[in-house]
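Take any residue in the sequence shown, note its place counting from 1, add 8, and you have its number in our numbering.
We put the CB at the ideal spot given by N, CA and C, even for glycine.
Source: prediction; values computed, not measured.
Just below is one structure, and these are the notes that go with it.
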Amino acid sequence: MKIKINGKIVETATGKTILETALENNIPIPNLCYHPDLKPSNHCKMCVVEIKGLKKLQFACSTKAKKKWKG
Ligand code: FES
């Protein structure tokens with residue numbers, strides 16, 4: 009599926025997080041506690057991002073990429 013991050017349209021696979029998708033496409037999102045071999049902990053809160061359609065900030069390291077959000 010294709011999603012837009014910071015105005016750039018990128019390809020991602022079902023199950024990948026926003027952070028994984030961004031990093032694979034050289035789009036920087038600050039992060040500290042993320043590690044690809046560990047379960048997301050949401051401890052550092054450095055990776056929070058704004059997602060169009062959602063009112064609250066989300067953790068890029070634990071939020072799965074989707075085409076559209078409602079909330
Ligand atoms: S990288 Fe730490 S909460 Fe996402």
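With a 10 Å radius around its C-beta and 16 neighbouring C-beta atoms as the bar for buried, classify I37 as buried or exposed. Its Cβ being crowded by 16 or more others within 10 Å, I37 is buried.
Using only the alpha-carbon positions, how far apart do M9 and T22 sit?
Using only the alpha carbons, I get a separation of about 7 angstroms.
| First and last residue of the alpha helix (DSSP H) that includes I26? | Where I26 is concerned, the enclosing alpha helix (DSSP H) stretches over 26 to 32.
Discussion item. What residue range does the beta strand (DSSP E) around E19 cover?
Written reply: Start and end: 16 to 19.
Quick check: does the Cβ of N39 come within less than 6 angstroms of any heavy atom belonging to the ligand ZN? With respect to the ligand ZN, the structure offers nothing, as its ligand set consists of the ligand FES.
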